[in-house]
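In the UniProt record's numbering, the protein residues as written are 1 to 276.
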């Protein structure tokens with residue numbers, strides 16, 4: 001590499017290194033704080049622990065009943081993701097593949113659902129859930145999350161489906177396939193990157209949400225992981241070691257899912273490019 005090229009690329013590397021440091025610093029704090037006591041965290045937030053121990057993980061798991069809370073979070077997240085994927089794919093298919101006079105207006109309506117903050121309607125939502133008998137229910141929480149994420153998912157699916165050649169479904173119709181089979185057997189596998197994007201963003205949003213479980217769930221046995229972590233936050237004392245340990249435990253499943261689906265996005269993008 002010549003000196004001129006080195007100095008030309010140096011600013012990019014400096015920006016990249018700076019961004020890497022900004023991203024890695026919170027992760028470093030999380031990892032080292034999981035292994036320290038609260039006193040050590042206050043004394044030296046960035047320092048290494050005096051001794052490496054997993055006591056915070058054991059205590060957090062036992063005191064907060066994280067096992068049960070993780071199951072609740074898995075149930076709510078998986079249900080919300082499945083409902084969001086199925087409903088949004090079925091909504092985006094006619095809007096993107098058929099010539100509908102009101103298709104553009106309907107997409108604009110879904111786009112408005114992305115821009116409007118749902119928390120402004122928290123009181124009305126609570127009243128509606130109580131009237132439907134869905135308060136203190138994991139299924140009710142699934143429906144709330146799915147309804148919030150569907151506008152974004154429809155927007156993503158519609159943009160991916162719009163660029164596909166129409167010969168795909170025309171050939172399937174000639175072979176006698178119905179619209180549902182065309183959608184789920186032909187269109188959805190091709191737009192696998194869209195499925196992965198929607199699944200990742202929905203999972204992260206649902207898994208980490210604290211607000212809606214707080215106002216809709218009252219039974220301790222139905223609480224999700226974000227609510228369980230608040231057990232270690234008190235009015236006069238907070239056990240930060242257990243808070244960080246709980247955060248690390250809750251972060252592991254989402255990280256694993258992201259790594260798996262990120263690989264599928266790359267593979268799906270290659271498949272979509274080949275179809276085009």
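Even glycine gets a Cβ: it sits at the ideal position worked out from N, Cα and C. These figures come from a predicted structure and were not determined experimentally.
Taking a C-beta distance under 8 Å as the contact criterion, residue 24 and residue 80 do not qualify as a contact pair.
A check of alpha carbon separations from residue 190 across 53, 160, 173 and 5 identifies 160 as the nearest. In this structure, the beta-carbon distance from residue 198 to residue 153 falls below 8 Å.
The beta carbons of residue 222 and residue 56 sit no closer together than 8 Å. Within the same chain, 100 come within 7 Å of residue 94 by CB-CB distance, once the 5 residues on both sides are set aside. Beta-bridge pairing by DSSP links residue 238 to 233. If you draw a straight line from the Cα of residue 46 to the Cα of residue 201, it is about 30 Å long. Of the candidates 133, 96 and 150, 150 places its Cα closest to the Cα of residue 112. Counting of Cβ neighbours within 10 angstroms places residue 249 among the buried residues, the total reaching 16 or more. Within the same chain, 77, 81, 254 and 257 come within 7 Å of residue 203 by CB-CB distance, once the 5 residues on both sides are set aside. Contact between residue 242 and residue 59 is confirmed by a C-beta separation of about 6 Å, below the 8 Å threshold. Restricting attention to 193, 252, 122 and 30, the CA atom closest to the CA of residue 261 is found in 193.
Shown here, residue 126 sits in a helix according to DSSP, grouped into three states. Within the same chain, and ignoring the five residues on either side of residue 69 in sequence, the residues whose Cβ sits closer than 8 Å to its Cβ are 223, 224, 225, 227 and 228.
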